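Right, one structure below, let's go through it.
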Amino acid sequence: MKKKIAESMAFFASGEFDRKFRYDGKDLGACCRDGRTVFKVWSPLAERIELRLYKDGFTEEAYLRKQMQADTKGVWKLEFPENLHGIYYDYLVQADGEETCTADPYAVGCNCNGGRSMAVDLSRTNPPGFEEDRAPEECGERIIYELHIKDFSYDAESGIPVEYRGKYKAFTVKGTGGAYPTCVEYLKNLGITHVHLLPFFDYGSVDEAGDERQFNWGYDPVNYNVPEGSYATDVNDGTVRIRECKEMIQALHENGIRVIMDVVYNHTHQADSWLQRMVPGYYYRYREDGSLSNGSACGNDIAAGRSMVDNYIADSVMYWAKEYHMDGFRFDLMGLLTVELMNRIRAELDAEFGPGEKLLYGEPWSADDSPMEKGTRAAQKGNAGYLNEGIGIFSDDTRDVIKGSVFYAGDPGFVNGGEGLETAVLHAVTGWKDGGACFEPKSCGQIINYVSAHDNFTLWDKLVLSMHREKADFDRKYDDVLAANKLAAFIYFTCQGNLFLQAGEEFGRTKQGEDNSYCSSPELNMLHWNRTVEYGDLVSYYRGLIRLRKQLPGLCDKSPGAAKRIMDGKVQGDGVVSFQVDNRDSQPSLWDELFIVYNASDKEHAVSLPDKDEPAEACHAVSGRRYNLQMLGTEIDSGRQAESWEVLADGKETDCRKPAEIMRNGIRVAPHSGMLLGRKSEGV
Ligand code: CA
1313 MKKKIAESMA
1323 FFASGEFDRK
1333 FRYDGKDLGA
1343 CCRDGRTVFK
1353 VWSPLAERIE
1363 LRLYKDGFTE
1373 EAYLRKQMQA
1383 DTKGVWKLEF
1393 PENLHGIYYD
1403 YLVQADGEET
1413 CTADPYAVGC
1423 NCNGGRSMAV
1433 DLSRTNPPGF
1443 EEDRAPEECG
1453 ERIIYELHIK
1463 DFSYDAESGI
1473 PVEYRGKYKA
1483 FTVKGTGGAY
1493 PTCVEYLKNL
1503 GITHVHLLPF
1513 FDYGSVDEAG
1523 DERQFNWGYD
1533 PVNYNVPEGS
1543 YATDVNDGTV
1553 RIRECKEMIQ
1563 ALHENGIRVI
1573 MDVVYNHTHQ
1583 ADSWLQRMVP
1593 GYYYRYREDG
1603 SLSNGSACGN
1613 DIAAGRSMVD
1623 NYIADSVMYW
1633 AKEYHMDGFR
1643 FDLMGLLTVE
1653 LMNRIRAELD
1663 AEFGPGEKLL
1673 YGEPWSADDS
1683 PMEKGTRAAQ
1693 KGNAGYLNEG
1703 IGIFSDDTRD
1713 VIKGSVFYAG
1723 DPGFVNGGEG
1733 LETAVLHAVT
1743 GWKDGGACFE
1753 PKSCGQIINY
1763 VSAHDNFTLW
1773 DKLVLSMHRE
1783 KADFDRKYDD
1793 VLAANKLAAF
1803 IYFTCQGNLF
1813 LQAGEEFGRT
1823 KQGEDNSYCS
1833 SPELNMLHWN
1843 RTVEYGDLVS
1853 YYRGLIRLRK
1863 QLPGLCDKSP
1873 GAAKRIMDGK
1883 VQGDGVVSFQ
1893 VDNRDSQPSL
1903 WDELFIVYNA
1913 SDKEHAVSLP
1923 DKDEPAEACH
1933 AVSGRRYNLQ
1943 MLGTEIDSGR
1953 QAESWEVLAD
1963 GKETDCRKPA
1973 EIMRNGIRVA
1983 PHSGMLLGRK
1993 SEGV
């Protein structure tokens, strides 16, 4: 067995295999259009393949069985002069004397639980108006909200009718919430620009015919090109999940929100997948001893780096972008994929939709080592310099410096008692573009700033655990935890790069200290909408940060030169740092300059405002227009200085405009809080 696997691996990796069998056609699957249906599969090692057609998703007996015809490059083909929309199918693949039944890895539709594929005329699955559906305009900043479809509306307080709770359909319900906004109304109100949805391709861990109390994050793909059935209102008709998924995306677009799909191309639910059954051994990585590699910690690793694996993944991404109007993709364990593949996907999306139109980012790490194909580079953090600058990576450096390690509950970061982190925090502000990390991004556009995501503790739980270790009560509204939460948000909202938050971070979401809730109860996972009222002050704080951020070109700039806008970073004392931001833009902005202070210490701290002459030295070309210092006058007294600076955010309020109270020794910044001041532009 070991020898056989080694031989097949060598053959798969060889140029000979690619010359014989690499197929670049975009027509694999069942193409069902007008009066014609064409079935095509790639299975170069098969000796014989039989197609079986069924009238529905569950009857055992096929109504038709037919031999596929061998075509070029390992492709098998069968054509019918009729539109077989709604017909279900699978294949019997005979290879090496063994016969295996499999669904179609390229299927775009399937039955309940995905074991049988469905021929779908996709034009018949569009909800009304879907052809005209367009992504909303971007606003200069990307503020990504990470959401699980079931979490979103499972709560009875969500204002969603029972039959739509936890479903795609919940996103289409208008006017939710009665006394206070919930669901999409709430998101609109919050001001986020992108919703990032946890996996919603068909996954295997939830029985679609089972009860509604099942829950899983969904990182266990079965059918990559089909939406998950448990989020649909009807799993017995394979077209319903497709239509309702499109309705969800359309509704978010109509409400001004772009949609990002969390994709898991690094492993499959089981190693005995459709891919494996179609071409045994080809799609997975093996160790030298013949065992499956497990860099995903989920039992198997997809062999990105092989030509037909890469084609499969790239084609799948393009399919979702085109057919479902997805606006971006978040790659789970991107470190198991390759730089070459990620750059290729970037290029294909750019060619089809325009440069940067679709957002791409991922986790630049893996759970463990994985044997990569020769000549490829892992899409890991250390290789950020090889990744296209339009491919973002989650910044664990920023996350951990702000609130402490995700692996050790008690480990503090800057906002919750960590020491000696001042310099690192200042590096984080530029998205580590100015050094300080073990890698250098091409620009802060490659950086995703965040302090919480579905993995690990919620921000609230992490803060409670690190600040009230002895007697953690996650439902208690601790003042110090609230302050630390605000400061954490304040910090990453004033870092350059893209912004990302886990749904509910802004209302102190708790999972009662559970750090891995992937299959916990829906009640533990769901968004508790009444918390948006109970923690209304925190929600307002985030809402203001979101509004304010969009008005600050100095922080939104994603160009490679953006880091130069951050000037005069200073460690003011233990737990206190300050810096200036050149906030000028080609468009007039309200404030030419920003001054930002983070005070994580226990004491109020007085900080002198920047000297009036400093901006002149820092003047640079990014803004596109020169800064005329003379216009500000040369003799600014403290009165004039106070007039020209205003407080835009502090520990209590965000997106405010308050006169700066400048004392003899500077501006006073309260303990455990941030302060953001803007110097008014001339003529504003
Ligand atoms: Ca499923």
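So the sequence shown is numbered by the working numbering: it starts at 1313 and just counts up by one.
Each residue gets a CB set at the ideal place from its N, CA and C atoms; glycine is no exception.
Remember, predicted model here, so these are calculated numbers, not experimental data.
- Look at E1444 here: in three-state DSSP terms it is helix.
- Of the candidates K1783, D1767 and P1865, D1767 places its Cα closest to the Cα of N1837.
- What you get when you keep residues with a C-beta closer than 7 angstroms to any heavy atom of ligand 1 is N1425, G1426, D1514, Y1515, G1516, V1518, E1520, V1534, E1540, G1541 and S1542.
- With respect to the 7 angstroms criterion, G1478 and K1462 are classified as neighbours on the basis of their beta carbons.
- Contact annotation: C1868 and E1453 have beta-carbon atoms nearer than 7 angstroms.
- Distance from the CA atom of D1680 to the CA atom of S1608, rounded to whole angstroms, is 7 angstroms.
- At least 7 angstroms separates the beta-carbon of E1556 from that of Y1631.
- Exclusion of the five residues before and after H1397 leaves C1344, A1431, V1432, D1433 and R1436 as the residues of its chain whose Cβ lies within less than 7 angstroms of its Cβ.
- Boundaries of the beta strand (DSSP E) harbouring Y1515: F1513 to Y1515, taken from the DSSP string.
- Per DSSP, the beta bridge partners of K1352 are G1341 and K1389.
- Here L1921 has F1907, Q1953, W1957, A1972, I1974, G1978, I1979 and L1989 as same chain residues with Cβ atoms under 8 angstroms from its own Cβ, once five neighbours each way along the sequence are excluded.
- Closest by C-alpha distance to E1373, out of V1959, V1883, E1520 and D1402, is D1402.
- Counting along the chain, no alpha helix (DSSP H) covers M1638, and no H or E run does either.
- Here A1961 is bridged, per DSSP, to T1966 and L1988.
- Boundaries of the alpha helix (DSSP H) around I1714: D1708 to K1715.
- For E1835, the uninterrupted alpha helix (DSSP H) run begins and ends at P1834 to N1837, by DSSP.
- The stretch 1482–1541 is shown to contain whole beta strand (DSSP E) runs of 3 or more residues at 1506–1509, 1513–1515 and 1533–1539, in chain order.
- The shortest C-alpha to C-alpha distance from A1874 to any of G1743, M1987 and R1843 is the one to G1743.
- T1735 counts as exposed, since fewer than 16 other C-beta atoms from the protein chains shown sit within 10 angstroms of its C-beta.
- Between T1806 and R1589, the CB-CB gap reaches or exceeds 7 angstroms.
- The alpha carbon of I1703 has as its nearest neighbour, out of Q1758, N1728, K1352 and I1317, the alpha carbon of Q1758.
- Under the DSSP definition of a beta bridge, Q1379 partners with E1362.
- The C-alpha of E1916 lies about 34 angstroms from the C-alpha of P1900.
- Under the DSSP assignment, T1412 falls outside any alpha helix (DSSP H), being part of the beta strand (DSSP E) whose first and last residues are E1410 to T1414.
- When C-beta atoms of the stretch 1524–1542 are compared with those of the stretch 1575–1591, three or more pairs fall below 8 angstroms, so the two segments count as touching.
- In the DSSP annotation of this structure, M1879 is not part of any alpha helix (DSSP H); the continuous beta strand (DSSP E) holding it starts and ends at I1878 to G1885.
- For I1614, no alpha helix (DSSP H) segment is defined, and its DSSP state is neither H nor E.
- Taking one beta carbon from each stretch, the stretch 1709–1729 and the stretch 1667–1675 have fewer than 3 pairs nearer than 8 angstroms; the two do not touch.
- For the alpha helix (DSSP H) assignment, the uninterrupted runs of no fewer than 4 residues enclosed by the stretch 1656–1740 are, from N- to C-terminal side, 1708–1715.
- At least 7 angstroms separates the beta-carbon of N1528 from that of C1756.
- With a beta-carbon spacing of about 6 angstroms, A1626 and R1656 fall inside the 8 angstroms limit used to define contacts.
- Taking a C-beta distance under 7 angstroms as the contact criterion, H1581 and G1516 qualify as a contact pair.
- The C-beta separation of K1352 from G1341 comes to about 7 angstroms, placing the pair in contact by the 8 angstroms criterion.
- Setting aside the 5 residues that flank it on each side, C1610 is surrounded in the same chain by H1579, each with a C-beta closer than 6 angstroms to its C-beta; the list follows chain order.
- In the three-state DSSP reduction, Q1406 falls in the strand class (E or B).
- The alpha carbon of P1724 has as its nearest neighbour, out of E1664, K1774 and N1700, the alpha carbon of K1774.
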